[in-house]
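The structure appears below as structure tokens.
Numbering (our numbering), first residue to last: 27 to 172.
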């Protein structure tokens, strides 16, 4: 509790009323990129990807990252450009253990390990802080897996 004194009247104010939020919606990733659009993976660690991967994000910071055989969803938290990716689910479109899952899984896992993002005109660059990087280019409004 904090005490505020106004004239001769003391007022009790709970501390949470005086505290400010750690960041606002304007500080999040979605305020810096186009939402409800598809972003296609064009480069992973400086090389072209061997399989397509598509990223989408909504205005509520919920995202999906999808390959041909595997989609993962979650929420992006944190103050831009920092990321705190909170995965919520993974959905296979192919049988577990299939070559497609085995090919998509490392790329999806790499994406989920990203710690920072930068928005550069029509591209997004995600970095993991260990030299790993994933670059996505803005596509259209195709919100289906690649």
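Built from N, CA and C at the ideal position, the CB exists for glycine as well.
- A contact is defined here as three or more CB-CB pairs under 8 Å, and the stretch 63 to 78 fails this definition with respect to the stretch 105 to 116.
- Distance from the CA of residue 146 to the CA of residue 124, rounded to the nearest whole angstrom, comes to 35 Å.
- Taking C-beta separations shorter than 8 Å and ignoring five residues to either side along the sequence, the partners of residue 76 in its chain run 129, following chain order.
- Excluding its 5 nearest sequence neighbours in each direction, residue 131 has C-beta neighbours in its own chain below 8 Å: 96, listed in chain order.
- DSSP places residue 167 outside any beta strand (DSSP E), giving it a letter other than H or E.
- Each of 160, 74, 80 and 164 was checked against the Cα of residue 139, and the nearest Cα belongs to 160.
- DSSP places residue 127 in the uninterrupted alpha helix (DSSP H) bounded by 125 to 138.
- Its Cα nearest to that of residue 143, the residue 102 stands out among 134, 72 and 102.
- Closest in alpha carbon position to residue 158, among 88, 73 and 58, is 73.
- The beta carbon of residue 156 is closer than 8 Å to none in its chain, skipping five residues each way along the sequence.
- Beta-carbon to beta-carbon, residue 63 and residue 171 are separated by about 15 Å, too far to satisfy the 8 Å threshold.
- Taken through DSSP and simplified to helix, strand or coil, residue 66 comes out as strand.
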